[in-house]
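Okay, structure first, notes after.
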Amino acid sequence: MSQIKRSPEIHDVVVIGSGAGGGTVAHVLTALGLKVTLLEAGPMLDPAKEFKEHQWPHEVDHRGAEEGGAVYFGRGKPFGYFTTTNGGWELEGEPYTVAEGSEFRWFRSRILGGRTNHYGRMSFRFSDYDFKPYDRDGLGTNWPISYDDISPYYDKAETLIGVTGTKEGIRSAPDGVFHDPPPAKAHEILIKKASEKLNIPCIPNRRAVITRDLNGRPACHYCGQCGRGCLTASNYSSSQVQIFPAMKTGKLKIIDMAMAREVLTDKSGKVVGVSYIDKKTRTEQELRCRVVVLAASACESARLLLNSKSNRYQNGLANGSGVVGRFLMDTVGFDLSGQVAALEGLPRYNSDGFGGAHLYMPWWGWENQSKLGFPRGYHIEIGGGYGMPQVGSFHHAASRYGYGKKLKEGARRDYGTHVAFAGRGEMIPNNHSYCEIDPKVVDQWGIPVLRFHFKWTDYEWKQARHMEQTFAAIIETMGGTVNRLSTAQRQRDGISVPGMIIHEVGTVRMGTDPKTSALNGFCQSHEAKNLFVCDAGPFVSNPDKNPTLTINALAWRTSDYIAEEMKKGNV
Amino acid sequence: MSNNRTIPAPDNDLSRRAMLRGVALAATAIASGQLSLEAAQHVHQQVKEEKKNAGTYKLKLFNEREYKTLGRLAELIVPADEVSGSAREAGAPEFTDLLCSQNRELADIYTGGLFWLDAQMEDRHGVSFLDATEGQQTAMLDLLVEAEKQEGERRAQGLTFEDIQRYQEFESYGIYRPSELSPGIRFFDWVRRMTVDAFYTSEIGVKDIGYKGNTATSKFEVPQEIIDYALKRSPFASS
Numbered sequence: 000m001s002q003i004k005r006s007p008e009i010h011d012v013v014v015i016g017s018g019a020g021g022g023t024v025a026h027v028l029t030a031l032g033l034k035v036t037l038l039e040a041g042p043m044l045d046p047a048k049e050f051k052e053h054q055w056p057h058e059v060d061h062r063g064a065e066e067g068g069a070v071y072f073g074r075g076k077p078f079g080y081f082t083t084t085n086g087g088w089e090l091e092g093e094p095y096t097v098a099e100g101s102e103f104r105w106f107r108s109r110i111l112g113g114r115t116n117h118y119g120r121m122s123f124r125f126s127d128y129d130f131k132p133y134d135r136d137g138l139g140t141n142w143p144i145s146y147d148d149i150s151p152y153y154d155k156a157e158t159l160i161g162v163t164g165t166k167e168g169i170r171s172a173p174d175g176v177f178h179d180p181p182p183a184k185a186h187e188i189l190i191k192k193a194s195e196k197l198n199i200p201c202i203p204n205r206r207a208v209i210t211r212d213l214n215g216r217p218a219c220h221y222c223g224q225c226g227r228g229c230l231t232a233s234n235y236s237s238s239q240v241q242i243f244p245a246m247k248t249g250k251l252k253i254i255d256m257a258m259a260r261e262v263l264t265d266k267s268g269k270v271v272g273v274s275y276i277d278k279k280t281r282t283e284q285e286l287r288c289r290v291v292v293l294a295a296s297a298c299e300s301a302r303l304l305l306n307s308k309s310n311r312y313q314n315g316l317a318n319g320s321g322v323v324g325r326f327l328m329d330t331v332g333f334d335l336s337g338q339v340a341a342l343e344g345l346p347r348y349n350s351d352g353f354g355g356a357h358l359y360m361p362w363w364g365w366e367n368q369s370k371l372g373f374p375r376g377y378h379i380e381i382g383g384g385y386g387m388p389q390v391g392s393f394h395h396a397a398s399r400y401g402y403g404k405k406l407k408e409g410a411r412r413d414y415g416t417h418v419a420f421a422g423r424g425e426m427i428p429n430n431h432s433y434c435e436i437d438p439k440v441v442d443q444w445g446i447p448v449l450r451f452h453f454k455w456t457d458y459e460w461k462q463a464r465h466m467e468q469t470f471a472a473i474i475e476t477m478g479g480t481v482n483r484l485s486t487a488q489r490q491r492d493g494i495s496v497p498g499m500i501i502h503e504v505g506t507v508r509m510g511t512d513p514k515t516s517a518l519n520g521f522c523q524s525h526e527a528k529n530l531f532v533c534d535a536g537p538f539v540s541n542p543d544k545n546p547t548l549t550i551n552a553l554a555w556r557t558s559d560y561i562a563e564e565m566k567k568g569n570v
Numbered sequence: 000m001s002n003n004r005t006i007p008a009p010d011n012d013l014s015r016r017a018m019l020r021g022v023a024l025a026a027t028a029i030a031s032g033q034l035s036l037e038a039a040q041h042v043h044q045q046v047k048e049e050k051k052n053a054g055t056y057k058l059k060l061f062n063e064r065e066y067k068t069l070g071r072l073a074e075l076i077v078p079a080d081e082v083s084g085s086a087r088e089a090g091a092p093e094f095t096d097l098l099c100s101q102n103r104e105l106a107d108i109y110t111g112g113l114f115w116l117d118a119q120m121e122d123r124h125g126v127s128f129l130d131a132t133e134g135q136q137t138a139m140l141d142l143l144v145e146a147e148k149q150e151g152e153r154r155a156q157g158l159t160f161e162d163i164q165r166y167q168e169f170e171s172y173g174i175y176r177p178s179e180l181s182p183g184i185r186f187f188d189w190v191r192r193m194t195v196d197a198f199y200t201s202e203i204g205v206k207d208i209g210y211k212g213n214t215a216t217s218k219f220e221v222p223q224e225i226i227d228y229a230l231k232r233s234p235f236a237s238s
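For the record, the sequence lines run as chains A and B.
First residue of the first sequence? That's 0 in numbering that gives the first Met the number 0, and the numbers climb one at a time after it.
First residue of the second sequence? That's 0 in numbering that gives the first Met the number 0, and the numbers climb one at a time after it.
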């Protein structure tokens with residue numbers, strides 16, 4: 000007798016994953032009257048239990064160092080004890096492997112809302128030229144859609160989730176539907192002056208935070224703790240902004256602790272359902288449905304497709320082209336800091352703000368790209384100000400000033416005088432960067448795991464060196480001292496470890512030609528018409544804009560298309 | 000010597016419970032769609048109003064002598080001054096005791112380090128660290144800080160520990176000689192980092208450093224005099 004539990008019910012749409020993509024699909028489709036069943040591999044989110052917003056370190060006996068001082072041994076929670084991450088680069092019982100000669104770290108969330116509960120909330124539209132990268136410089140591949148196709152959905156997404164910003168008319172950073180941004184912090188005013196002197200635009204940041212009340216969500220209260228999860232839902236997370244409201248429609252069913260194993264198909268190739276492991280009972284279950292939407296994250300969705308093999312799909316589902324898992328991209332990351340004399344002795348003020356920098360620098364070099372020596376570009380994120388004292392905040396002062404009165408006075412003098420710059424740039428897809436099924440390893444649910452291959456190329460390295468020069472120039476222009484890298488440090492920290500920026504995209508890419516792409520421009524499988532992918536898997540390139548807002552917009556557009564096609568009886 | 004000595008606690012878990020109550024309240028408000036700045040402020044207020052130090056602290060790992068030595072180290076690392084109290088007053092020894100009691104690896108670093116420190120003091124001054132004069136104590140710490148600085152300079156020249164190992168044959172040149180103080184440098188770095196963490200995450204430390212945030216406010220503003228202060232001292236003073 001089979002151990003598999005099969006439910007006789009035929010669901011309208013099964014969505015796998017509850018992050019930015021899954022949350023958007025659930026929200027839009029339930030609003031259009033469809034019944035959605037959402038599978039989440041982690042537990043339900045309970046903000047009252049999970050969110051540590053407003054908590055002081057001294058209210059916890061370990062102060063944030065975690066039990067046994069785990070953070071001192073590099074074994075602490077990613078991004079710190081107080082953040083609301085539930086997941087990380089390593090998950091117990093759910094391994095992945097990395098091929099020899101490669102380096103890749105895969106971040107996965109296991110909770111309702113996924114990474115949107117704690118992400119940086121940078122919300123940048125792709126530019127018109129970002130959709131046609133091949134036309135621009137002959138590298139990579141064009142998207143099958145254009146800015147005009149997605150622009151109305153950027154509008155919808157921004158209107159729902161709320162994004163700050165100002166109309167700037169900068170081509171690399173198209174304007175959107177904005178909430179007023181908060182004013183610049185003191186150190187940012189100096190950074191803006193320095194940037195402008197170097198002809199680098201420095202404009203109000205675009206973050207998914209509301210600064211006026213919106214749909215029952217109160218405006219931001221400027222505690223600066225978005226990463227801990229917002230108790231007042233004044234920032235965007237798919238859990239609070241899309242899924243909880245969708246649950247109120249009565250049309251959304253959530254199955255938590257459900258690890259999808261395979262997408263099921265019939266002999267004609269049509270998707271008929273999903274099999275998953277119920278982690279609570281360690282049993283396999285099957286759901287039947289009319290449409291499946293994968294939104295499990297780019298690599299997890301690729302894994303699911305590659306693991307969904309049948310006679311009809313011997314290469315894995317939707318993978319006749321062989322592109323599933325290929326063209327894996329992360330963002331190029333590089334950070335540099337410095338100390339600014341003008342900020343010494345500044346009267347203390349509350350610089351928490353809205354949970355991130357209030358200004359940022361969009362890419363400015365698209366017109367003289369050929370002179371730069373590397374393709375594409377990057378934007379710059381800013382750090383600085385008077386952060387809440389946490390475990391680790393004053394280690395630098397400690398080793399600098401020794402001990403005693405000197406240490407105490409030095410810490411006071413240095414506090415708030417550091418500025419940091421983080422470049423976030425575009426990687427060119429290459430043949431050495433992909434994921435595939437490791438034939439030898441399964442996870443604790445018996446599901447074959449991913450093996451990663453990844454290499455930066457000279458394009459990325461040169462871009463990171465341009466970041467280094469630019470950040471040093473900004474710091475020096477504002478009269479600061481750069482914390483310069485030694486040759487050994489540059490070797491190690493000169494470019495981010497692949498996967499560490501957590502912008503992995505591109506593994507189930509869209510395109511017009513079924514021979515070179517898995518999905519069409521509506522994120523619909525070329526081969527199985529009732530299968531869709533709504534995370535960053537469909538991305539054809541990885542522009543220097545953080546992917547979440549584009550996941551939202553694409554998923555919204557796909558949801559409208561799904562509802563229409565279902566109404567017409569096409570899927 | 001007793002492991003059951005009681006001393007005032009740096010904090011207790013009342014605070015967490017009070018916080019959760021506040022959080023639950025805010026979550027209810029979200030569900031009913033009545034959330035406002037007042038509700039957000041309420042959460043912050045509850046956190047502020049909790050009572051502290053009702054309980055007492057029982058040593059979990061260290062003996063009384065070790066605990067006192069850690070207290071002395073904490074006082075030397077972050078001493079009391081005209082602005083604020085010391086790291087000992089901010090609960091550094093209790094913080095260390097708690098974490099060490101939960102982690103054998105950390106406990107060994109500390110018990111081993113304290114033995115090393117006392118042995119060095121006996122060798123140099125014929126007295127344990129705790130019983131030494133302040134001058135003897137600071138002389139020891141100064142030695143460690145100086146040795147650490149030299150190590151740091153070697154690192155800055157691009158010499159990793161592995162390089163140093165590889166070029167041990169050049170020891171006679173004196174450049175690469177590992178210091179006999181190396182174990183002490185490591186230990187002191189541990190004590191200092193954890194002492195600093197305990198101090199600056201305490202209420203005393205937060206006040207000392209002047210952090211003004213973790214509040215709810217309806218508007219973000221930077222006072223003009225602060226902007227003027229920064230601009231006046233910057234290269235953009237005249238612009």
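A virtual CB, placed ideally from N, CA and C, is assigned to each residue, including glycine.
Just so it is clear, the structure is predicted and the values come from calculations on it, not from any experiment.
When rounded, the separation of the alpha-carbon atoms in Gly403 (chain A) and Tyr118 (chain A) is 38 Å. Taking 8 Å as the CB threshold, Glu66 (chain A) lines the interface with chain B. If you ignore the 5 residues before and after Ala25 (chain A), its C-beta comes within less than 7 Å of the C-beta of Val14, Val35, Leu37, Gln241, Ile242, Ala245, Leu251, all in its own chain and listed in chain order.
For Asp437 (chain A), the enclosing beta strand (DSSP E) stretches over residues 433–441. Judged by DSSP in its simplified three-state form, Thr68 (chain B) adopts helix.
The region 124–134 of chain A and the region 86–94 of chain A do not touch, with fewer than three beta-carbon pairs separated by less than 8 Å. C-alpha of Gly226 (chain A) to C-alpha of Val162 (chain A): approximately 16 Å in a straight line. Secondary structure at Pro77 (chain A): coil, using DSSP grouped into helix, strand and coil.
The DSSP-derived three-state label of Gly92 (chain A) is coil. In this model, Thr140 (chain A) and Cys99 (chain B) are separated by some 55 Å (Cα to Cα). Going by beta carbons, His357 (chain A) and Pro180 (chain A) fall inside the 8 Å limit. CA-to-CA, the gap between Val77 (chain B) and Lys407 (chain A) works out to about 6 Å.
For Leu197 (chain A), the number of other beta carbons within 10 angstroms of its own is below 16, and it is reported as exposed. Excluding residues up to 5 positions away in sequence, Ala419 lie with their Cβ nearer than 6 Å to the Cβ of Gly382 (chain A) in the same chain. For Ala118 (chain B), the enclosing alpha helix (DSSP H) covers residues 103–124.
Gly67 (chain A) and Leu105 (chain B) have their C-alpha atoms spaced approximately 7 Å apart. A residue is called buried when at least 16 other Cβ atoms come within 10 angstroms of its Cβ; Ile9 (chain A) does not meet this threshold and is exposed. Closest by C-alpha distance to Glu49 (chain A), out of A:Ala297, A:Arg109, A:Val97, is A:Arg109. For Pro181 (chain A), a Cβ of chain B is located within less than 8 Å of the residue's own Cβ. For Ile474 (chain A), the number of other beta carbons within 10 angstroms of its own is at least 16, and it is reported as buried. The Cβ atoms of Leu303 (chain A) and Ala295 (chain A) lie closer than 8 Å to each other. Inter-residue distance for Leu31 (chain A) and Asp196 (chain B) is about 52 Å (C-alpha atoms, whole angstroms).
Between the region 446–453 of chain A and the region 425–434 of chain A there are three or more inter-stretch CB-CB distances shorter than 8 Å, so the stretches are counted as touching. Burial is judged here by how many other beta carbons sit within 10 angstroms of a residue's own beta carbon; Arg483 (chain A) has fewer than 16 and is exposed. Nearest to Trp55 (chain A) by alpha-carbon distance, out of A:Leu44, A:Trp444, A:Lys308, A:Thr82, is A:Thr82.
Scanning A:Gly164, A:Phe125, A:Pro94, A:Val290 for the CA closest to the CA of Ile446 (chain A) turns up A:Pro94. The alpha-carbon separation between Ala554 (chain A) and Val273 (chain A) amounts to approximately 20 Å. Remark: C-beta atoms of Phe373 (chain A) and His502 (chain A) do not approach each other more closely than 8 Å. In the three-state reduction of the DSSP assignment, Asp334 (chain A) falls in the strand class, which pools E and B. With at least 16 other beta carbons inside 10 angstroms of its own, Asn102 (chain B) counts as buried.
In the pairwise beta carbon analysis, the region 512–524 of chain A is classified as touching the region 314–321 of chain A: at least three pairs are separated by under 8 Å.
Listed along the chain, the chain A residues whose CB falls inside 7 Å of the CB of Ile208 (chain B) are Pro388, Ala410, Arg411, Tyr414. With respect to the 8 Å criterion, Arg423 (chain A) and Asn545 (chain A) are classified as neighbours on the basis of their beta carbons. Restricted to the region 447–529 of chain A, the beta strand (DSSP E) segments that are unbroken, complete and at least 3 residues in length are 447–452, 479–481, listed in chain order.
Under a criterion of Cβ atoms nearer than 9 Å, the residues of chain A adjacent to Lys211 (chain B) are, in order, Arg347, Tyr348, Asn349, Ser350, Asp351, Tyr385.
Look at Arg71 (chain B): its C-beta is not under 8 Å from any C-beta on chain A.
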